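So the structure is just underneath, and the comments pick up after that.
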Ligand code: BGC
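In UniProt numbering, the protein residues as written are 1 to 458.
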């Protein structure tokens, strides 16, 4: 008997049936795509954006990198529990980067906005002093990975927090001004904030720097989002440079589903996650896809099957009962075992004080993890295919970044296989390439800062 057959037999029928609702057929995925496309069209029009769940913000980035960008730049990267300050030197194809990671403590993530920006300014100050660039008035690109209604390349109004952040007095404010105000309190530094961008935009730019065919940027990390290159004529009321043909649109697809569009596939586990999140009712697509939530989804399924006495002889382990105790990285670990081998699986379960799982327990746990991550990869694929169909071009490179995509052993392959299946058959000679971004948030910020700063020769 082949290992594959053995494995299938080892999965309890209850688990296989119970995970069925996570199994999305192509026809269901196509329904999601239709709904997503409708929301994108609403978002691209200012008169209907209010009612769109997918806001499609203009980024004011209208040029892909030329490869001739030159100079020294600072970059800030805020989008998760860590934030980074970077010093980047660009010179043609040469790229040099120094960076430092700073922690954003939980109390700052949930505290007053002013405190967050003071923290950022103080880290930037110590970094700039250490690298002797504090007074050079270097151009800075700010990668700020939360939904921003941009009103220019260096101006963006925060529309909501996501990914566990919730700072008071910031929604509705221009975050560049908040940063400038915090920087102005410090005499020892002089810095010119020339651009604010989303991490998806940074990813697209950094991949396009190497591969000019890159037209989509996707993040599959703590959160999830995508941007793409849109024709100006499709952006109603575009107020940027109309002499240029394109602009990058930040879709903010994480909020897809917030108006009920995904209710037809949301499971009780999705609803439970949402209920216990800091932003209930919001970012519902993101909560089905991204690294912040997948581990918790798997945990809820494991608890359900344990209660049903299908796993661990019905014994519920107290550690596993703690919310968020099953990390998304555990899914990647478990799925990295070769088929029929449970070394990583036992290792992970050991961390949760489950010391003597049977092979059948392990098979079931792996199947649960695979069901959760496959659904996420397919939903992300449906999103990418929607954008490719909209752009209607046959050959596209999709820049991707984020810990989930980077570390999950099968995410890339699942997407690589599924995206072409969902693209319009009318697009001839379809060629889609998924390209792992190399530090999009840093390099992308520098590339955009280069285009936004006066010392750029282009
Ligand atoms: C944010 C996006 C961001 C994504 C990935 C989402 O929660 O709304 O702006 O691009 O996370 O970091």
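Glycine residues also receive a C-beta, built at the ideal position from the N, C-alpha and C atoms.
Quick caveat, the model's predicted, so the values are computed rather than measured.
Is residue 163 close to ligand 1? I mean its beta-carbon at under 7 Å from any heavy atom of the ligand.
yes
Spatial neighbours of residue 3 within its chain, please: CB distance less than 6 Å, with the 5 preceding and 5 following residues excluded, ordered by chain position.
Model confidence at residue 3 stands at a pLDDT of 47, short of 50, so the residue's coordinates are unreliable; what they give is reported in the following sentence. Only 339, 340 meet the Cβ criterion.
Would DSSP call residue 99 helix, strand or coil?
Shown here, residue 99 sits in a strand according to DSSP, grouped into three states.
Note the first and the last residue of the continuous beta strand (DSSP E) segment covering residue 226.
First-last of the beta strand (DSSP E) with residue 226: 224-231.
In angstroms, rounded to a whole number, what distance separates the CA positions of residue 205 and residue 282?
28 Å
Please state if the CB of residue 48 and the CB of residue 214 are separated by a distance shorter than 8 Å.
No, the pair does not count as a contact, with Cβ atoms beyond the cut-off.
What does a CB cutoff of less than 6 Å around residue 306 pick up in its chain, not counting 5 residues either side in sequence?
312, 316
Suppose contacts are defined by Cβ-Cβ distances below 8 Å. Is residue 372 in contact with residue 76 by that definition?
Residue 372 places its beta carbon 8 Å or farther from that of residue 76.
Is residue 85 helix, strand or coil by DSSP?
strand
For residue 395, the three-state DSSP class (helix, strand or coil):
strand
With a CB to CB cut of under 6 Å and the five nearest residues on each side skipped, what residues in its chain are close to residue 98?
Excluding positions up to five away in sequence, the list reads 87.
Enumerate, from N- to C-terminal direction, the unbroken alpha helix (DSSP H) stretches of 4 or more residues contained entirely within the region 112-186.
113-130, 175-184
Can you name the residues that DSSP bridges to residue 70?
DSSP lists 91 as partners of residue 70.
Rounded distance between the beta-carbons of residue 176 and residue 158, thought under 8 Å
Contact flag wrong, Cβ pair sits at about 10 Å.
Let's see if you can read the secondary structure: which residues bound the beta strand (DSSP E) around residue 195?
Boundaries of the beta strand (DSSP E) around residue 195: 191-197.
For residue 402, which residues does DSSP report across the bridge?
In DSSP, residue 402 forms no bridge with anything.
Determine the contact status of residue 226 and residue 235, defining contact as a CB-CB distance below 8 Å.
no
Between residue 162 and residue 279, is the Cβ-Cβ spacing less than 8 Å?
yes
Would you kindly work out how many angstroms separate the C-alpha atoms of residue 308 and residue 314, rounded to a whole number?
7 Å
Would a C-beta distance cut-off of 8 Å place residue 138 and residue 73 closer than the cut-off?
In this structure, residue 138 sits near residue 73, with a CB-CB distance shorter than 8 Å.
Residue 155 vs residue 198 beta-carbon contact at 8 Å:
no
Measuring only from the beta carbon, is residue 58 closer than 7 Å to any heavy atom that is part of ligand 1?
no
How many whole angstroms separate the CB atoms of residue 294 and residue 272, which I take to be in contact at a CB cut-off of 8 Å?
At roughly 14 Å, the Cβ-Cβ gap does not stay under 8 Å, so residue 294 and residue 272 are not in contact.
Would residue 324 be called buried (16 or more neighbouring beta carbons within 10 Å of its own) or exposed?
exposed
Within this structure, are the beta carbons of residue 237 and residue 446 separated by less than 8 Å?
Not in contact: residue 237 and residue 446 (Cβ atoms no closer than 8 Å).
Close beta carbons around residue 120, own chain, < 8 Å, minus the five adjacent residues each side:
76, 78, 83, 179, 182
Excluding the five sequence neighbours on either side, which residues of its own chain have a C-beta within less than 6 Å of the C-beta of residue 102, listed in chain order?
83, 123
Quick one: grab the DSSP three-state call for residue 246.
strand
Put residue 6 into one of helix, strand or coil per three-state DSSP.
The pLDDT assigned to residue 6 is 47, lower than 50, so where the model puts this residue is not dependable, and the model offers no usable value.
Cβ shell of residue 43 (< 6 Å), same chain only, five flanking positions each side left out
49, 52, 54, 55, 56
Stretch-stretch touch, CB-based, cutoff 8 Å, three pairs: the region 372-382 with the region 399-417
yes
Closer than 7 Å to a non-hydrogen atom of ligand 1 - does that hold for the CB of residue 79?
yes
Quick check: does the Cβ of residue 146 come within less than 7 Å of any heavy atom belonging to ligand 1?
yes
Counting beta carbon pairs with one atom in the region 283-290 and one in the region 259-271, are three or more of them shorter than 8 Å?
As far as the Cβ criterion goes, the region 259-271 touches the region 283-290, which means the pair count is three or higher.
I'd like to confirm something about residue 199: is its beta-carbon nearer than 7 Å to some heavy atom of ligand 1, or not?
At least one heavy atom of ligand 1 is nearer than 7 Å to the Cβ of residue 199, so yes.
Let me know the secondary structure DSSP gives residue 457 once reduced to three states.
At residue 457 the pLDDT is 40, less than 50, meaning the model places this residue with poor confidence; the figure from the coordinates comes in the next sentence. In the three-state reduction of the DSSP assignment, residue 457 falls in the coil class, being assigned neither a helical nor a strand state.
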